[in-house]
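In our numbering, the protein residues as written are 63 to 328. Here is the structure we will look at.
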Amino acid sequence: MPGRATTPSTEAQRVTSINITNASKVFESWDGEEIVALEDISLDIKENEFVSLVGPSGCGKSTMLRLLAGLILPTGGAVEIDGTPVKEPRKDTGIVFQQATLLPWKTILDNVLFPLSVMKEMKPDSEQIARDLLILAGLGGFEKKYPDELSGGMQQRAAICRALVHDPEILLMDEPFGALDALTREEMSLELLRIWTERPKTIVFVTHSITEAVLMSDRVVVMSARPGRIMEIIDVPIDRPRTFEVEASNDFQKCAQRIRYLITGK
Ligand SMILES: Nc1ncnc2c1ncn2[C@@H]1O[C@H](COP(=O)(O)OP(=O)(O)OP(=O)(O)O)[C@@H](O)[C@H]1O
Ligand SMILES: [Mg+2]
Numbered sequence: 063m064p065g066r067a068t069t070p071s072t073e074a075q076r077v078t079s080i081n082i083t084n085a086s087k088v089f090e091s092w093d094g095e096e097i098v099a100l101e102d103i104s105l106d107i108k109e110n111e112f113v114s115l116v117g118p119s120g121c122g123k124s125t126m127l128r129l130l131a132g133l134i135l136p137t138g139g140a141v142e143i144d145g146t147p148v149k150e151p152r153k154d155t156g157i158v159f160q161q162a163t164l165l166p167w168k169t170i171l172d173n174v175l176f177p178l179s180v181m182k183e184m185k186p187d188s189e190q191i192a193r194d195l196l197i198l199a200g201l202g203g204f205e206k207k208y209p210d211e212l213s214g215g216m217q218q219r220a221a222i223c224r225a226l227v228h229d230p231e232i233l234l235m236d237e238p239f240g241a242l243d244a245l246t247r248e249e250m251s252l253e254l255l256r257i258w259t260e261r262p263k264t265i266v267f268v269t270h271s272i273t274e275a276v277l278m279s280d281r282v283v284v285m286s287a288r289p290g291r292i293m294e295i296i297d298v299p300i301d302r303p304r305t306f307e308v309e310a311s312n313d314f315q316k317c318a319q320r321i322r323y324l325i326t327g328k
């Protein structure tokens, strides 16, 4: 990966490549109509790569993440992680949904710890890890609050902490910053890049923001309207670590313009 600030982890078990081969997903609606959400998707994602998915509403971005998360199965083709078909949620995967989906009866701290308690992987230092993540996300002091005592953006930040608490090798993020105000959104995007540099992981990131996609990603996958297909994959040839200053560079502008053209035709 060009310009990575740190070398990726060399631990033997942390090998996580994603291979999607000619995958399709057809949903059947309640009246029997077939909805082709994804058609003939082929995409290989390398270990520790940061890949964004962009495209018009309804083009199948969330469907693609749900396939990778093992929440749904493809109707055709294959979705594999390390050569194994993804048939159910995996322990090495974390997911941030479009909505925060916190458990309303649990405190923020217990929500963040929830994946560890479900997986029976609570360790002596787990609570401290969760507390540190909450501080990182600007939620220090809110550990004992309940979700409905937090704003939508704060809930979403807690959901991001929850996805990170078991330090997953693969992080699937569905418009994670959609509910945040512009400034917090920028801060969180740099924070995510920092976390990713310190603890390398494979990230598949859905966003509607072209600049966010270019700023964060090694590659941006541009999808077409339904049925969702891959139109083009854009390499982002910008060194890391990146700050907002790179947005003024020629390479950044070229990537953003190409993506905009593919999506809007302008
Ligand atoms: N469970 C389902 N049953 C039937 N159709 C579905 C189901 N889930 C998704 N779809 C359809 O599949 C298509 C893709 O949906 P998806 O949610 O993946 O789009 P998206 O790219 O994430 O859109 P957005 O940007 O608005 O979040 C849509 O036409 C949607 O109606
Ligand atoms: Mg979606």
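Heads up, the beta-carbon is just placed ideally off N, CA and C, and yes, glycines get one too.
- 7 Å or more divides the Cβ of Lys87 from the Cβ of Thr146.
- Judged by DSSP secondary structure, Gly214 falls outside any beta strand (DSSP E) and instead within the alpha helix (DSSP H) spanning Gly214 to Leu226.
- With respect to Ala220, Ile170 sits close: the two C-beta atoms are nearer than 7 Å.
- Residues whose Cβ lies closer than 5 Å to any heavy atom of ligand 1, listed in chain order: Phe89, Ile97, Ala99, Ser119, Gly120, Cys121, Gly122, Lys123, Ser124 and Thr125.
- Exclusion of the five residues before and after Leu212 leaves no residue of its chain whose Cβ lies closer than 6 Å to its Cβ.
- By a beta-carbon distance limit of 8 Å, Gln217 contacts Pro209. Their separation comes to about 5 Å.
- Taking C-beta atoms as the reference points, Val276 and Ala318 count as a pair closer than 7 Å.
- Counting every other CB atom within 10 Å of its CB across the protein chains shown gives Pro151 a total below 16, marking it as exposed.
- Pro262 is a Cβ neighbour of Asn110, given a cutoff of 7 Å.
- Spatial neighbours of Glu90 in its own chain (CB-CB distance under 7 Å, excluding positions within 5 residues in sequence) are listed in chain order as Glu96.
- A straight-line Cα-Cα distance of about 7 Å links Ser114 and Arg281.
- By the Cβ test, the stretch 151-163 is not in contact with the stretch 294-310, since fewer than three Cβ pairs between them sit closer than 8 Å.
- Following the DSSP letters along the chain, one finds Ile170 inside the alpha helix (DSSP H) bounded by residues Ile170 to Val180.
- The beta carbon of Val158 sits closer than 6 Å to those of Ala221, Ile222, Ala225, Met235 and Pro238, all from its chain and outside the five residues before and after it, given in chain order.
- Taking the Cα of Ile300 as reference, the smallest distance to any Cα among Ala85, Phe314 and Arg291 is reached at Phe314.
- By the neighbour-count criterion, in which 16 or more other beta carbons inside 10 Å mark a residue as buried, Lys185 falls on the exposed side.
- CA-CA distance, Ile134 to Asp93, rounds to 20 Å.
- Between Glu294 and Leu254, the gap from beta carbon to beta carbon reaches 7 Å or more.
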